[in-house]
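Number of protein chains: 2
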Amino acid sequence: MPHEIILGIDPGSRATGYGLISWEGNSARFIGAGVIRPDPRLNFAKRLERIYSGLTEVIARNNPTVSAVEGVFQSVNARAALLLGHARGVGILAAVHGGLPVFEYSPMAVKQAVVGYGRAEKPQVQHMVQIVLKLSKRPAQDAADALAVAICHAHSSCIKGR
Amino acid sequence: MPHEIILGIDPGSRATGYGLISWEGNSARFIGAGVIRPDPRLNFAKRLERIYSGLTEVIARNNPTVSAVEGVFQSVNARAALLLGHARGVGILAAVHGGLPVFEYSPMAVKQAVVGYGRAEKPQVQHMVQIVLKLSKRPAQDAADALAVAICHAHSSCIKGR
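Just so you know, the protein sequences line up as chains H and D, in that order. With the first sequence counted from 1, adding 5 to any position gets you this note's numbering. With the second sequence counted from 1, adding 5 to any position gets you this note's numbering.
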């Protein structure tokens, strides 16, 4: 796999995590991560716009070469799925508008890639992300999930021999 | 209610209907309507981009002053809700980026406003849209649903005394 800058996205209507890693020669390096939290007093349409514009800004500042988006639990209920769908839709659109290919990975695939166990708990994911990326402190949960999906993409790409 | 050009949107990942009406002095006039059908051979991210860019084009061409988006059935299943959420998310984003206020109406409110019966069938909606807007032929279903939500907004705004 050639040198890539991977943008991981963990979409959510209240909090959308993002994480950037550089991947070269089979090793991951942390670039940055954060969480976009639209002001809850904004109406839903404006909150979606904040997610889109926040990710667009992250892309413009960091020039990733590819994006990886966390998929969805099968068990989620219809209302939660609908809200999540809106956030994922505008997140994916920001990536497409930024010229990035978009890859999607299920939460189970992400946990398998990062922790080695598809049913791992969130603190385990945070812990392994901290170790793999040699971070001095544990990343916030949404940022850790976004970094985890970026790491998953790096590994999956390796496996596919890219 | 002052003169408004209302863009109605009926989002869907396979087909997104749009309809434009002019509303002045308590009477509706048909401007245009259509359906955006992203090429099913495109990947999901690109299909979302087609919905967004299609609506953006419609907005640029017609300069609506407000948008109204069809809400969601409560009974829809989680997977359908998730797909619909993506399409609604990028549709709402196109409206926000076009500078339009976004109003949402439940399918029941739309049917009530157009047919006078919240549980009306789709052909009844098509029929009443044709009559209200004095169309020479029955509009396609997704276009009719979008026109119906635009008509609903016009009526609801009247009721609210705007």
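Each residue gets a CB set at the ideal place from its N, CA and C atoms; glycine is no exception.
For His91/H, at least one C-beta of chain D is nearer than 8 Å to its own C-beta. Look at Ile97/D: its C-beta is under 8 Å from a C-beta on chain H. The continuous stretches of alpha helix (DSSP H) do not include Arg34/D, which lies in the beta strand (DSSP E) extending over residues Ser32 to Ile41. For Tyr57/D, the uninterrupted alpha helix (DSSP H) segment begins and ends at Phe49 to Asn67.
With fewer than three CB-CB distances shorter than 8 Å, the stretch 35 to 42 of chain D does not count as touching the stretch 97 to 109 of chain D. The beta-carbon separation of Ile14/D and Glu75/D, rounded to 7 Å, stays under the 8 Å limit for a contact. Listed as beta-bridge partners of Glu75/D by DSSP are Tyr110/D. Here the alpha carbons of Ser111/D and Cys157/D stand approximately 10 Å from one another. Annotation: Leu25/H is outside any alpha helix (DSSP H); the continuous beta strand (DSSP E) that includes it extends over Thr21 to Glu29.
In the structure shown, Leu12/H adopts extended strand secondary structure according to DSSP, grouped into three states.
DSSP, reduced to helix, strand and coil, places Gly94/H within a helical segment of the structure shown. Counting only residues of its own chain and dropping the five nearest sequence neighbours on each side, Leu89/D has a CB closer than 8 Å to the CB of Pro16, Gly17, Ser18, Val77 and Val81. In this structure, DSSP gives Arg46/D a state outside helix and strand, which the three-state scheme calls coil. The three-state reading of DSSP puts Ala148/H in helix, counting H, G and I together.
Judged by DSSP secondary structure, Val81/D falls outside any alpha helix (DSSP H); it is assigned neither H nor E. Within chain D, the residues whose beta carbon sits less than 7 Å from that of Val107/H are Ala50, listed in sequence order. When C-alpha distances from Gln131/D are compared across Lys139/D, Asn68/D and Ala145/D, the shortest belongs to Ala145/D. Beta-carbon to beta-carbon, Ala86/H and Leu87/D are separated by about 4 Å, close enough to satisfy the 8 Å threshold. About 4 Å separates the beta carbon of Met113/H from that of Gly123/H, a gap short enough to meet the 8 Å contact definition. Look at Ala85/D here: in three-state DSSP terms it is helix. Contact with chain D is absent for Tyr23/H, since none of that chain's Cβ atoms lies less than 8 Å from the residue's Cβ. The beta carbon of Val115/D does not come within 8 Å of any beta carbon belonging to chain H, so the residue lies off that interface.
Judged by DSSP in its simplified three-state form, Ser18/H adopts coil rather than helix or strand. Neighbourhood of Tyr57/D in chain H, by CB distance below 8 Å: Leu98, in chain order. With its beta carbon at least 8 Å from every one in chain D, Ala155/H lies outside the interface.
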